[in-house]
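Here's the structure, in structure tokens; my notes come after.
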Amino acid sequence: PISNRKIQKQGITSLITVDYIDIKKQRLDTNVVGYRMKMKETIIILVAFLVALASCKDLSKEEYYSFTETHPSFFELRHGDWTKSSWIRKPANLLMVHETFKKVGYANIITPYLSDNPLIIQEIYIKKNPYNLIDSLLLTYNNEQIDDKYYREFWARRKKENNDSIVFQIIKDIKFSYKTKFTSSVLRMQADSALVNDTLYQLINIEYRNDDLTSQLALQDIELLKKLGFHQSAYNLLFENSRYSNIDWDRENLSKDLKKADNGLLAWFADDTK
Numbered sequence: 008p009i010s011n012r013k014i015q016k017q018g019i020t021s022l023i024t025v026d027y028i029d030i031k032k033q034r035l036d037t038n039v040v041g042y043r044m045k046m047k048e049t050i051i052i053l054v055a056f057l058v059a060l061a062s063c064k065d066l067s068k069e070e071y072y073s074f075t076e077t078h079p080s081f082f083e084l085r086h087g088d089w090t091k092s093s094w095i096r097k098p099a100n101l102l103m104v105h106e107t108f109k110k111v112g113y114a115n116i117i118t119p120y121l122s123d124n125p126l127i128i129q130e131i132y133i134k135k136n137p138y139n140l141i142d143s144l145l146l147t148y149n150n151e152q153i154d155d156k157y158y159r160e161f162w163a164r165r166k167k168e169n170n171d172s173i174v175f176q177i178i179k180d181i182k183f184s185y186k187t188k189f190t191s192s193v194l195r196m197q198a199d200s201a202l203v204n205d206t207l208y209q210l211i212n213i214e215y216r217n218d219d220l221t222s223q224l225a226l227q228d229i230e231l232l233k234k235l236g237f238h239q240s241a242y243n244l245l246f247e248n249s250r251y252s253n254i255d256w257d258r259e260n261l262s263k264d265l266k267k268a269d270n271g272l273l274a275w276f277a278d279d280t281k
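Last residue of the sequence shown: 281 (the numbering used here), numbering continuous.
Here it is, written out as structure tokens:
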């Protein structure tokens, strides 16, 4: 977990996960064991099968409602199986997510995963040191004499998907982001604003905020989610989120303008209190 925040990382948790989207299907290295992907606490980013059917609760009447929730193109990163996702394999989508992560700041997203221990992201266990893994991926790109079967077939799959050059640049930028304490900020300034997805950027910023959560910031988050159309998420932060539970605000009044839905919808910010 990052700090004490219970946040589902999806999708967007880390693009390192993107580079391993075929681990589940390809048993290419005896040291790599793929597990079924679920929603995980963390960024980037970003994936589980939590159903936000938890609806608005009127404490006086004990009635339950569901609210509308925008589902943009990248929503499946939050509630989907990346090993089966065709969306994340598309070069344009990879680039959009990458540029958005750059603007947020890779250091904010990936630092908790960088250690000398094996890499564990979204319950995928990779028995490799993250630093060594990144170095090896960079060294084996476009290397026709690769001895290691895993890396050889990894890059072969990326080339087949026509996203090898973008994945290489992503890994290269990730390595640069932790080179010094300033390099992540350099990447942030270099992010291509034309490729950044503003909605994804704002959602990730809510999860990875470095500032202490105040009543003013919490209110801004709720109003932003309403504006973007994430009404079920807004409700969940108001009533069903441990991080926001101690905020002193008028929950009933803030929930009055939430748009009701006939059926429960998956929410970007799920109920994390049950």
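Beta carbons: idealized from backbone N, C-alpha and C, even for Gly.
Predicted model only: the values in this text are computed from it and were never measured.
{"Item": "Excluding the five sequence neighbours on either side, which residues of its own chain have a C-beta within less than 7 Å of the C-beta of residue 102, listed in chain order?", "Value": "173 and 202"}
{"Item": "Taking only three categories from DSSP, how would you classify residue 270?", "Value": "coil"}
{"Item": "Keeping to the same chain, check which residues put their C-beta closer than 6 Å to that of residue 144; ignore five residues upstream and five downstream.", "Value": "178"}
{"Item": "What does the Cβ neighbour count give for residue 104, buried or exposed, with the cut at 16 atoms within 10 Å?", "Value": "buried"}
{"Item": "Distance check for residue 207 and residue 254, CA to CA, integer angstroms please.", "Value": "24 Å"}
{"Item": "Please determine if the region 189-198 and the region 224-239 are in contact, where contact requires at least 3 C-beta pairs separated by less than 8 Å.", "Value": "no"}
{"Item": "Could you check if residue 310 is buried or exposed, using at least 16 other CB atoms within 10 Å of its CB as the buried criterion?", "Value": "The structure shown does not extend to residue 310, since the chain spans only 8 to 281, so no value can be given for it."}
{"Item": "What does a CB cutoff of less than 6 Å around residue 168 pick up in its chain, not counting 5 residues either side in sequence?", "Value": "96"}
{"Item": "If you draw a straight line from the alpha carbon of residue 35 to that of residue 91, how long is it in whole angstroms?", "Value": "Low local confidence applies: a pLDDT of 39 at residue 35 is under 50, so the model's placement there is unreliable, with the coordinate-based value given in what follows. The straight-line gap from Cα to Cα measures roughly 17 Å."}
{"Item": "Pop quiz: residue 181 and residue 141 are said to be a contact at Cβ under 8 Å. What is the actual Cβ separation, rounded to whole angstroms?", "Value": "6 Å"}
{"Item": "With a CB to CB cut of under 7 Å and the five nearest residues on each side skipped, what residues in its chain are close to residue 215?", "Value": "50, 111, 115 and 116"}
{"Item": "Take residue 171 and list the residues in its own chain whose beta-carbon comes closer than 8 Å to its own, dropping the five residues that flank it on each side.", "Value": "148, 162 and 165"}
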